[in-house]
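A.B. asks: For what it's worth, numbering that gives the first Met the number 0 labels the leading residue of the sequence shown as 0, then goes sequentially. For glycine and all other residues, C-beta sits at the position ideal for the given N, C-alpha and C. First the structure, which I've put down as structure tokens, then a few questions once you've had a look.
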Amino acid sequence: MSSKELIKNISFSEPHVLVNLVDYGEGRVVSRTLAQNKGVSITLFAFDVGEGLSTHSAPGDALVQILDG
0 MSSKELIKNI SFSEPHVLVN LVDYGEGRVV SRTLAQNKGV SITLFAFDVG EGLSTHSAPG
60 DALVQILDG
């Protein structure tokens, strides 16, 4: 799989301000997948106040970086 095929939902080979790529939704968790293949998934999340992810399992490690709030 080429790098271009890995990228989802954003233009390839252009700079992006990550915090501007996903909006908050009232009472919701909003997500946007940026890159995905069999071994990795990069997804942005916007959590409204009081929202979170449910407990789940994943096949590998997760990295969390807070951009706002």
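Distance check for Leu-66 and Val-16, CA to CA, integer angstroms please.
C.D. replies: Walking along the sequence shown from the start, residue 16 turns up at place 17. Walking along the sequence shown from the start, residue 66 turns up at place 67. Roughly 10 angstroms between the two C-alpha positions.
A.B. asks: Excluding sequence positions up to five away, which residues of its chain have a Cβ less than 6 angstroms from the Cβ of Leu-5?
C.D. replies: Position 6 of the sequence shown, counting from 1, holds the residue named residue 5. Correct list, in chain order: Ala-34, Asn-36.
A.B. asks: Relative to the C-alpha of Val-63, which residue among Arg-27, His-55, Val-28, Phe-44 is closest?
C.D. replies: Against the sequence shown, residue 63 aligns to sequence position 64. Checked all of Arg-27, His-55, Val-28, Phe-44; the closest Cα to Val-63 is Phe-44.
A.B. asks: Residues in its own chain within less than 7 angstroms of Leu-20 by CB, not counting five upstream and five downstream?
C.D. replies: Indexing the sequence shown from 1 puts residue 20 at position 21. Only Ile-9, Arg-31, Leu-43 meet the Cβ criterion.
A.B. asks: Beta-carbon within less than 8 angstroms of Ile-41's beta-carbon, same chain only, minus the 5 sequence neighbours each way: which residues are those?
C.D. replies: Here residue 41 refers to the residue found at position 42 when the sequence shown is read from its first residue. Thr-32, Leu-33, Ala-34, Gln-35.
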